[in-house]
Amino acid sequence: MKKLLSVVALSLSVIFAAMPAQAKTSEYDLIVRHLKAKYKAKKINIPFMWLARFAVSVSRPAGVKSFSITLFKDLKFSYSELDKEMQAAMRNSFGPAWIPAVRVRTRKGQQVYMYMREDGNVVKIALVTIDNQEAAIIQATFSPDRLADFINNPKILGIKLADDPAPVPETKNLQEPLAVGPKKEN
Numbered sequence: 015m016k017k018l019l020s021v022v023a024l025s026l027s028v029i030f031a032a033m034p035a036q037a038k039t040s041e042y043d044l045i046v047r048h049l050k051a052k053y054k055a056k057k058i059n060i061p062f063m064w065l066a067r068f069a070v071s072v073s074r075p076a077g078v079k080s081f082s083i084t085l086f087k088d089l090k091f092s093y094s095e096l097d098k099e100m101q102a103a104m105r106n107s108f109g110p111a112w113i114p115a116v117r118v119r120t121r122k123g124q125q126v127y128m129y130m131r132e133d134g135n136v137v138k139i140a141l142v143t144i145d146n147q148e149a150a151i152i153q154a155t156f157s158p159d160r161l162a163d164f165i166n167n168p169k170i171l172g173i174k175l176a177d178d179p180a181p182v183p184e185t186k187n188l189q190e191p192l193a194v195g196p197k198k199e200n
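Take the sequence shown: its position 142, counted from the start at 1, is 156 in the numbering used here, and no numbers get skipped.
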């Protein structure tokens, strides 16, 4: 009996130890790895990011369900090759469900890439910006319906973020002809 329990315990530990190795690497992580490896980028630590991510996952402001941000500095790249390399990296990292939504390259060398996809009733976006030798990778999951509600009535935790809009003036019946010019007296 002890041998059987030992074999079962050993089997379970091997199975659970192997599971993380089989997990699929996310698109976000692939881009982070690309920037670190290809451009020898140094990751910038963001203090209390874990707290911000937890607060968003609990309160879900403006329909945002989750987000990740990774910042880098000291990227080493060739401006002439960067756009071509990043386009290839983005295509290789993001599957066919992801749609390239934005790609911008300025004369000063700033670059922005955004991919998005629908996943049930949520939208996922991934944004990569590169400016000089700095980069930011942002991934967010949000509910478009809740975002629209927030835009129409901005509140976070029940607190209004904007003043009440000015009242809309009452409009006249559009069926009446419009009078143009001075009013004629009879």
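Glycine residues also receive a C-beta, built at the ideal position from the N, C-alpha and C atoms.
(message) Under DSSP, the alpha helix (DSSP H) around F68 begins and ends at which residues?
(response) Your numbering for residue 68 matches position 54 in the sequence shown. Annotation: the continuous alpha helix (DSSP H) that includes F68 extends over M63 to S73.
(request) Kindly indicate the opening and closing residues of the alpha helix (DSSP H) around I45. (result) Counting from one through the sequence shown, the residue named residue 45 turns up at place 31. Counting along the chain, the alpha helix (DSSP H) containing I45 begins and ends at E41 to Y53.
(request) Could you tell me which uninterrupted alpha helix (DSSP H) segments, each at least 4 residues in length, are contained entirely in the stretch 70-140, listed from first to last along the chain? (result) Those alpha helix (DSSP H) runs which fall completely within the stretch 70-140 and span 4+ residues are 93-107.
(message) Can you tell me which residues form a DSSP beta bridge with F156?
(response) In the sequence shown, residue 156 corresponds to position 142, counting from 1. F156 is bridged by DSSP to V78 and V137.
(request) Less than 8 Å between the CB atoms is what I'm expecting for F156 and V142, so what's the real figure, rounded? (result) Residue numbering aside, residue 156 sits at position 142 when the sequence shown is read from its first letter. Residue numbering aside, residue 142 sits at position 128 when the sequence shown is read from its first letter. Wrong, their Cβ atoms sit about 18 Å apart, outside the cutoff.
(request) Using only the heavy atoms of the ligand ZN, determine whether one of them is closer than 7 Å to the beta carbon of T120. (result) The ligand ZN is not part of this structure, which contains no ligands at all.
(message) Pairs of beta-carbons, one from the stretch 37-45 and one from the stretch 98-113, closer than 8 Å: are there three or more?
(response) Put simply, the stretch 37-45 touches the stretch 98-113. At least three CB pairs are less than 8 Å apart.
(message) Cutting at 6 Å between CB atoms, please list the residues of its own chain near Q153, excluding the five before and the five after it.
(response) Within the sequence shown, the letter at position 139 stands for residue 153. Beyond the five residues adjoining it in sequence on each side, Q153 comes within less than 6 Å, by CB distance, of Y42, S82 and A140 in the same chain, given in chain order.
(request) Hey, could you find the ends of the beta strand (DSSP E) I60 is sitting in? (result) The count along the sequence shown starts at 1 and reaches residue 60 at position 46. Bounds of any beta strand (DSSP E) do not take in I60, whose DSSP letter is neither H nor E.
(message) Just to confirm, is the Cβ distance from L96 to Q125 under 8 Å?
(response) Residue mapping note: residue 96 aligns to position 82 of the sequence shown, counting from 1. Residue mapping note: residue 125 aligns to position 111 of the sequence shown, counting from 1. Judged by beta-carbon spacing, Q125 lies within the 8 Å limit of L96, meaning their Cβ atoms are closer than that value.
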